[in-house]
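Peer 1: Chains as they are written, first to last, in the UniProt record's numbering: chain A, 1 to 361; chain B, 1 to 564. The beta-carbon is built from N, C-alpha and C at its ideal position, and this holds for glycine as well. From a predicted model like this one, the values you see are computed outputs, not experimental measurements. Starting off with a structure, shown below.
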Amino acid sequence: MADYTLRVRRFDPEQTSGPYWQEFAVELEPHRSVLDAILTAKEELDGSLGIRCSCRAAICGSCGVRVNGRPALACNTHLRDATDAGPAADGSTATVTVEPMGNMPVLKDLIVDMDAVHWKKIHRVTPWLLNRRPVPEREYVVPHEDMVDVTQTMACIQCGACVSDCLSMEVDPEFVGPAAAAKAYRFVGDPRDAEQRQRLRDLAEDPHGIYDCTHCFMCIDACPKGVAPMSQIMRLRRISGSDHQIVDRNNGERHEEAFTTLVRDYGLLHEAELLPRSYGGNSWFGKFHPAAGLELVDSLPSIARAVARRKVKPTQALRGHRLARRDLDAVHAIFERVEGDARRHELNLYLSGVEEEAPAP
Amino acid sequence: MPAHDVLIIGAGLAGQRAALAAAQAGASVAIVSKVHPVRSHSVAAAGGINAALNPGDSWESHAFDTVKGSDYLGDQDAIEIMCRAAPDEILWLEHAGVTFHRDEAGRLGTRAFGGASAARTYYVADITGQAILHVLYEQLMKHHERVDRFEEWFTTELVQDDGGRCCGAIARDVRSGHLDAFRAKAVVLASGGAGQVFRPTTNALICTGDGMAQAYRIGAPLMDMEMIQYHPTTLAENGFLITEGARGEGAQLFNARGERFMERYAPNKLELASRDVVCRAEQTEIDEGRGFPDGTIALDITKVPRKRTLEALREIVNIGRDFAGVDITREPIHIKPGMHYIMGGVRAGTDGRTPVPGLYAVGEVACVSVHGGNRLGANSLLDTLIFGRRAGEHAAHHAVGLPMPRIEAARLRDAQAEIDALVARVPAPGSRRISHLKRELGETMNRYVAVYRDAAGLATAHEVVRRLKEEAPRAAIDDRGAVFNQDVLAAFELGYMLDVAEAIVLAAQERRESRGAQFRVDYPRRDDAGWLHHITVSRNGQEVPRTGTEPVAITRWQPQERTY
Chain A
1 MADYTLRVRR
11 FDPEQTSGPY
21 WQEFAVELEP
31 HRSVLDAILT
41 AKEELDGSLG
51 IRCSCRAAIC
61 GSCGVRVNGR
71 PALACNTHLR
81 DATDAGPAAD
91 GSTATVTVEP
101 MGNMPVLKDL
111 IVDMDAVHWK
121 KIHRVTPWLL
131 NRRPVPEREY
141 VVPHEDMVDV
151 TQTMACIQCG
161 ACVSDCLSME
171 VDPEFVGPAA
181 AAKAYRFVGD
191 PRDAEQRQRL
201 RDLAEDPHGI
211 YDCTHCFMCI
221 DACPKGVAPM
231 SQIMRLRRIS
241 GSDHQIVDRN
251 NGERHEEAFT
261 TLVRDYGLLH
271 EAELLPRSYG
281 GNSWFGKFHP
291 AAGLELVDSL
301 PSIARAVARR
311 KVKPTQALRG
321 HRLARRDLDA
331 VHAIFERVEG
341 DARRHELNLY
351 LSGVEEEAPA
361 P
Chain B
1 MPAHDVLIIG
11 AGLAGQRAAL
21 AAAQAGASVA
31 IVSKVHPVRS
41 HSVAAAGGIN
51 AALNPGDSWE
61 SHAFDTVKGS
71 DYLGDQDAIE
81 IMCRAAPDEI
91 LWLEHAGVTF
101 HRDEAGRLGT
111 RAFGGASAAR
121 TYYVADITGQ
131 AILHVLYEQL
141 MKHHERVDRF
151 EEWFTTELVQ
161 DDGGRCCGAI
171 ARDVRSGHLD
181 AFRAKAVVLA
191 SGGAGQVFRP
201 TTNALICTGD
211 GMAQAYRIGA
221 PLMDMEMIQY
231 HPTTLAENGF
241 LITEGARGEG
251 AQLFNARGER
261 FMERYAPNKL
271 ELASRDVVCR
281 AEQTEIDEGR
291 GFPDGTIALD
301 ITKVPRKRTL
311 EALREIVNIG
321 RDFAGVDITR
331 EPIHIKPGMH
341 YIMGGVRAGT
351 DGRTPVPGLY
361 AVGEVACVSV
371 HGGNRLGANS
381 LLDTLIFGRR
391 AGEHAAHHAV
401 GLPMPRIEAA
411 RLRDAQAEID
421 ALVARVPAPG
431 SRRISHLKRE
441 LGETMNRYVA
451 VYRDAAGLAT
461 AHEVVRRLKE
471 EAPRAAIDDR
481 GAVFNQDVLA
491 AFELGYMLDV
501 AEAIVLAAQE
511 RRESRGAQFR
521 VDYPRRDDAG
531 WLHHITVSRN
541 GQEVPRTGTE
551 PVAITRWQPQ
561 ERTY
């Protein structure tokens, strides 16, 4: 048994006092969960402490919270992992801080309004199968690998942990977000769905759609089920751009294409080329796209800041970085290897990471 | 006061399937659930769903396995209906979008499961329940104009008109504390099981027998309540489930001496005998000192190829890692029998109708009875869907010609007064907390109403339940608010659990034989002459419940000796 101080951010909407912190002393084994600690406090000390929970085993998705500032399911976060150093030897107790998830309004204590944000976004992606016709008399005959593949996104338990800490959503609350995008992939990756192209075009053309993600990886870290929402967003982009040649009005596809070709050609990003290419593709003519000029004017303050902080050197940004010949060849070799393979390799927890491992001793 | 043709209480698989079927049949539908539908406990069903869909398999074989699994207590007419309808239901699910795993040819793949004579379990890795539940919820979102969803509304009681017909329910919006009366021409109870009556249990915290108690309180009989299924593979400390799919994929059981002991108990089916058989074998090994010191048995999943485990048993890889600190692909995991499912419930016919007019019951809250004395793995998802659909359709067709019932405003006021009194309750000196009463109940039931039972233990359990029933109305309440007052819900749930527990104990005392999940050490034989019938428990308006009997429907399979 060890002593823990459970520090909970509480909020009672029926009082005018606003949110406040409350500490509960609980005694539990270190391998017990944060949910066990919350329920111990609730059952033994204060029954008014609000938390949604049900299965206790990380399958129902009810108990998404922030533990020490990071989104998690309370039920599958161990107390020993939730404290920095574990119970201190001098008898003082370790503190575990629990708060409601972010990006969603708090209803009471650790309970947030998922309908107002999470479920609204799920609705946004037409979250049901649009059957390929004709519907067969028996089952659709589809590759086993495809069903295993979409099982990764089917494994999403709608807990909201990824939504909680999505940085893009913090800046743009309209962003479709990681959970809904993963849900979208569940249909785009499903060979039984008839509207893949329409779904992709919809999410590519939406200014708050798949190109609104900034690759911050927070959702991948947050997800307790290995759904890797950001990876699904990147897959949606690849399928949209490469397989369906959808060139969106947000310049998302061209921006990504510009990134790729710049790295291929120069080995590193060429900042001055990125913006015009994002508008006009790789043609010289594109550099004079009027929108690019406007965007450039718009971006001047950011550029000035970056220069002032020495994140870029003006000469380097304008002339491009110089790589040693050998390094550049190595980059080219990577591109040749990847682009020369007819198959696209995706990371999927249901599929990957098996063969590479040595057999058990 | 919302008014609908069909009111569905509970939004797990049975409730959602009933809602979709009723809406499809043209009824106006409301579905009320105390949690968001995807949090329902159907989400935890892991291994799969049975159907004789493959050429070479037959519904008769599926039905016989089910009858035998039930220890001949299942109603064979209902079992026939379920097994005949199973293949079409699988295809309906597949077309609705369930991502069933395929075989090499791209057709629906199957895995082996306990008590089955063919591999007929369709699955999505080991998240089959989740995959189906989420797909049904997709369909509910799709049909949002035809099904009104009341998510996070807690039903407190069922309402009857003067003629005794069920005409709606009283429910509380958990988010605001607002209480309302839902009027309906037909009410479908689909509120799930009662695992929390036991501790530990594989069941979620929400499984508190609400619907069983609510129906029982308005006169509906409960049936087969003594039939509590223990699952052979649950984690010792917290009761978490390790799916039977693990054994279906080839995992084996060993005692502390390294013996594959199932060879002695079920020489043909070994680990894939019926759950009651495997549980008794494990418990005997443990009781006779051949288990591990912590009272467990070893489940060795390393017998399954690692790639297959990662692909098809992903969830238990997570559970082993997160809740037992074990990499199941590398070493055995320690397990023991744990409370998992209740075969009994509100007595219902094959259209879901209960003896109370206007009231239907489907899924785990109901007892049709397709599971009899022991449910086969992967038959519960099937039960929820088949009878959910049938009840939804029947209720919709039946409701069309009826007038919309009225619920007196006074009724709602009384219900509100009850809650107000509860919230204002001042704890008496020495009154215990709800959680303490619940814990004592759970531990008592798990001790005396478990795999092995006897008269003395059952009498003790009965005494404890009676005492807790007297104490419950004085239990302390902390929360005085309206928004998400979970204390109020816990107080209601405790009352439901105690009613259900009493019915379980009474039925277990009444059945003086051993059949299916009920093993009486003092009556160790099955006695078809004396006990081949269902036991019911009903209140009939009295405070003291009464037991009764119902015949078992036998169509084509006469009782035989049961060996695996």
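Would you tell me roughly how many angstroms separate the C-alpha atoms of HIS134 of chain B and VAL38 of chain B, rounded to the nearest one?
Peer 2: Along the second sequence, read from residue 1 onward, the residue named residue 134 of chain B stands at position 134. Along the second sequence, read from residue 1 onward, the residue named residue 38 of chain B stands at position 38. Rounded to the nearest whole angstrom, the CA to CA distance from HIS134 of chain B to VAL38 of chain B is 6 Å.
Peer 1: Taking the CB atoms as reference points, tell me whether LEU35 of chain A and CYS53 of chain A lie closer together than 7 Å.
Peer 2: Position 35 of the first sequence holds residue 35 of chain A. Position 53 of the first sequence holds residue 53 of chain A. Yes, these two residues count as a Cβ contact at 7 Å.
Peer 1: Determine the burial state of THR296 of chain B: buried for a count of at least 16 other Cβ atoms within 10 Å of its Cβ, exposed for fewer.
Peer 2: Against the second sequence, residue 296 of chain B aligns to sequence position 296. Buried, since its Cβ has 16 or more Cβ neighbours within 10 Å.
Peer 1: Quick one: residues in its chain with C-beta nearer than 7 Å to the C-beta of ASP12 of chain A, no 5 flanking neighbours on either side, listed in chain order?
Peer 2: By 1-based counting over the first sequence, the position of residue 12 of chain A is 12. Counting only Cβ-Cβ distances below 7 Å, and skipping sequence neighbours, we find LYS108.
Peer 1: Taking a cut of 9 Å between CB atoms, which residues from the segment 119-141 of chain A lie near chain B?
Peer 2: TRP119, ILE122, HIS123, THR126, PRO127, TRP128, LEU129, ASN131, VAL135, PRO136, GLU137, ARG138, GLU139, TYR140, VAL141
Peer 1: Nearest to LEU468 of chain B by alpha carbon, out of B:THR444, B:HIS36, B:LEU385?
Peer 2: Within the second sequence, numbered from 1, the residue matching residue 468 of chain B stands at position 468. Nearest C-alpha to LEU468 of chain B: B:THR444.
Peer 1: Tell me whether ALA94 of chain A sits in a helix, a strand or coil according to DSSP, three-state version.
Peer 2: Taking the first sequence and counting its residues from 1, the one referred to as residue 94 of chain A is at position 94. Three-state DSSP puts ALA94 of chain A in a strand.
Peer 1: Using a Cβ cut-off of 7 Å (strictly closer), state whether MET1 of chain A contacts chain B.
Peer 2: For the purposes of this step, residue 1 of chain A is taken as residue 1 along the first sequence, with counting starting at 1. No, MET1 of chain A lies away from the interface with chain B (no Cβ there is under 7 Å from its Cβ).
Peer 1: Run down chain B in chain order and give the residues with a C-beta less than 8 Å from the C-beta of PRO30 of chain A.
Peer 2: Position 30 of the first sequence, counting from 1, holds the residue named residue 30 of chain A. The contacting residues do not exist; PRO30 of chain A stays about 11 Å from chain B at best.
Peer 1: Which class does SER61 of chain B belong to by DSSP, given the choice of helix, strand or coil?
Peer 2: Mapped onto the second sequence, residue 61 of chain B falls at position 61. DSSP places SER61 of chain B in helix when its eight states are reduced to three.
Peer 1: For the segment 251-262 of chain B, which residues have a beta carbon sitting closer than 7 Å to at least one beta carbon of chain A?
Peer 2: Answer set for the segment 251-262 of chain B: empty.
Peer 1: Please say whether GLN158 of chain A and GLY293 of chain A have beta carbons closer to each other than 7 Å?
Peer 2: For the purposes of this step, residue 293 of chain A is taken as residue 293 along the first sequence, with counting starting at 1. For the purposes of this step, residue 158 of chain A is taken as residue 158 along the first sequence, with counting starting at 1. No, these two residues do not count as a Cβ contact at 7 Å.
Peer 1: Measuring alpha carbon to alpha carbon, tell me which of A:PHE187, A:LYS311, A:CYS223, A:GLY64 ends up nearest LEU130 of chain A.
Peer 2: By 1-based counting over the first sequence, the position of residue 130 of chain A is 130. The shortest C-alpha separation from LEU130 of chain A is found at A:PHE187.
Peer 1: Using beta carbons (cut-off 7 Å, strictly below), is ILE206 of chain B in contact with chain A?
Peer 2: For this step, residue 206 of chain B is matched to residue 206 along the second sequence. With respect to chain A, the C-beta atom of ILE206 of chain B has a partner C-beta closer than 7 Å.
Peer 1: Buried or exposed: where does THR16 of chain A fall if 16 or more other Cβ atoms within 10 Å of its Cβ makes it buried?
Peer 2: Indexing the first sequence from 1 puts residue 16 of chain A at position 16. Exposed is the call here.
Peer 1: Going by alpha carbons, who is nearest to ARG290 of chain B out of B:THR302, B:LEU310, B:ARG260, B:THR309?
Peer 2: Stepping through the second sequence from its first residue, residue 290 of chain B is reached at position 290. That would be B:ARG260, whose Cα lies nearest to the Cα of ARG290 of chain B.
Peer 1: At a CB distance below 9 Å, what residues from the segment 104-118 of chain B approach chain A? Give them in sequence order.
Peer 2: GLU104, ALA105, GLY106, ARG107, LEU108, GLY109
Peer 1: Could you give the residue range of the beta strand (DSSP E) that holds TYR20 of chain A?
Peer 2: Within the first sequence, the letter at position 20 stands for residue 20 of chain A. Per DSSP, TYR20 of chain A belongs to the beta strand (DSSP E) from 20-28.
Peer 1: Which runs of the alpha helix (DSSP H) fall wholly inside the segment 391-472 of chain B and span at least 4 residues, in chain order?
Peer 2: 409-423, 434-448, 455-471
Peer 1: Would the segment 115-124 of chain B and the segment 50-57 of chain B be scored as touching if the rule is three or more Cβ pairs under 8 Å?
Peer 2: yes
Peer 1: Are three or more beta carbon pairs between the segment 164-179 of chain B and the segment 321-335 of chain B nearer than 8 Å?
Peer 2: Counting Cβ pairs under 8 Å, fewer than three are found: no touch.
Peer 1: Just to confirm, are GLN139 of chain B and ALA96 of chain B a CB contact at a threshold of 7 Å?
Peer 2: Within the second sequence, numbered from 1, the residue matching residue 139 of chain B stands at position 139. Within the second sequence, numbered from 1, the residue matching residue 96 of chain B stands at position 96. Yes, the pair counts as a contact, with Cβ atoms nearer than the cut-off.
Peer 1: With a threshold of 7 Å between beta-carbons, can THR151 of chain A be considered close to chain B, or not?
Peer 2: The count along the first sequence starts at 1 and reaches residue 151 of chain A at position 151. Yes, THR151 of chain A counts as interfacial toward chain B.
Peer 1: If you run the structure through DSSP and keep just helix, strand and coil, what is THR208 of chain B?
Peer 2: In the second sequence, counting from the first residue as 1, residue 208 of chain B sits at position 208. Looking at THR208 of chain B - three-state DSSP - the assignment turns out to be coil, as it is neither helix nor strand.
Peer 1: In the DSSP assignment, what residue or residues form a beta bridge with VAL187 of chain B?
Peer 2: In the second sequence, counting from the first residue as 1, residue 187 of chain B sits at position 187. In DSSP, VAL187 of chain B forms a bridge with B:LEU7, B:LEU359.
Peer 1: Using 8 Å for Cβ pairs, my map puts GLY47 of chain B next to GLU226 of chain B. What's the rounded Cβ distance?
Peer 2: Along the second sequence, one-based indexing puts residue 47 of chain B at 47. Along the second sequence, one-based indexing puts residue 226 of chain B at 226. With 8 Å as the limit, GLY47 of chain B and GLU226 of chain B do not qualify as a contact, their Cβ atoms being about 25 Å apart.
Peer 1: Taking only the alpha-carbon atoms, compute the straight-line gap between ALA324 of chain A and MET230 of chain A and give it to the nearest angstrom.
Peer 2: On the first sequence, residue 324 of chain A is found 324 positions in, with the first residue counted as 1. On the first sequence, residue 230 of chain A is found 230 positions in, with the first residue counted as 1. C-alpha separation (whole angstroms): 33 Å.
Peer 1: Within the continuous alpha helix (DSSP H) that includes VAL505 of chain B, where are the two ends?
Peer 2: Taking the second sequence and counting its residues from 1, one reaches residue 505 of chain B at position 505. Counting along the chain, the alpha helix (DSSP H) containing VAL505 of chain B begins and ends at 486-510.
Peer 1: What is the rounded straight-line gap between the Cα of GLU219 of chain B and the Cα of ARG10 of chain A?
Peer 2: On the second sequence, residue 219 of chain B is found 219 positions in, with the first residue counted as 1. On the first sequence, residue 10 of chain A is found 10 positions in, with the first residue counted as 1. The question names Glu, yet the displayed sequence has Gly at residue 219 of chain B. C-alpha separation (whole angstroms): 42 Å.
Peer 1: Measuring straight from C-alpha to C-alpha, what distance separates ARG280 of chain B and LEU93 of chain B?
Peer 2: By 1-based counting over the second sequence, the position of residue 280 of chain B is 280. By 1-based counting over the second sequence, the position of residue 93 of chain B is 93. When rounded, the distance between both Cα atoms is 35 Å.
Peer 1: For chain A, check one thing: does any of its Cβ atoms lie closer than 7 Å to the Cβ of ASP487 of chain B?
Peer 2: Walking along the second sequence from the start, residue 487 of chain B turns up at place 487. Interface residue, yes.
Peer 1: Nearest to GLN232 of chain A by alpha carbon, out of A:ARG343, A:VAL150, A:LEU49?
Peer 2: On the first sequence, position 232 is the one that residue 232 of chain A refers to. For the residues A:ARG343, A:VAL150, A:LEU49, the minimum Cα distance to GLN232 of chain A belongs to A:VAL150.
Peer 1: In whole angstroms, what is the alpha-carbon distance linking GLN518 of chain B and GLN509 of chain B?
Peer 2: Sequence index remark: in the second sequence, residue 518 of chain B carries index 518 (1-based). Sequence index remark: in the second sequence, residue 509 of chain B carries index 509 (1-based). If I take the Cα positions, the gap works out to 10 Å.
Peer 1: Is there a Cβ from chain B that is less than 7 Å from the Cβ of ALA85 of chain A?
Peer 2: As a working mapping, residue 85 of chain A is identified with position 85 in the first sequence. Annotation note: pLDDT 48 at ALA85 of chain A (below 50); position unreliable, no value reported.
Peer 1: Should ASP294 of chain B be flagged as near chain A, meaning a C-beta pair shorter than 7 Å?
Peer 2: Numbered from 1 along the second sequence, position 294 holds the residue referred to as residue 294 of chain B. For ASP294 of chain B, the answer is no, since every Cβ of chain A falls outside 7 Å of its Cβ.
Peer 1: Inspect the beta-carbon positions of PRO143 of chain A and GLY372 of chain B and report whether they are closer than 7 Å.
Peer 2: As a working mapping, residue 143 of chain A is identified with position 143 in the first sequence. As a working mapping, residue 372 of chain B is identified with position 372 in the second sequence. No, these two residues do not count as a Cβ contact at 7 Å.
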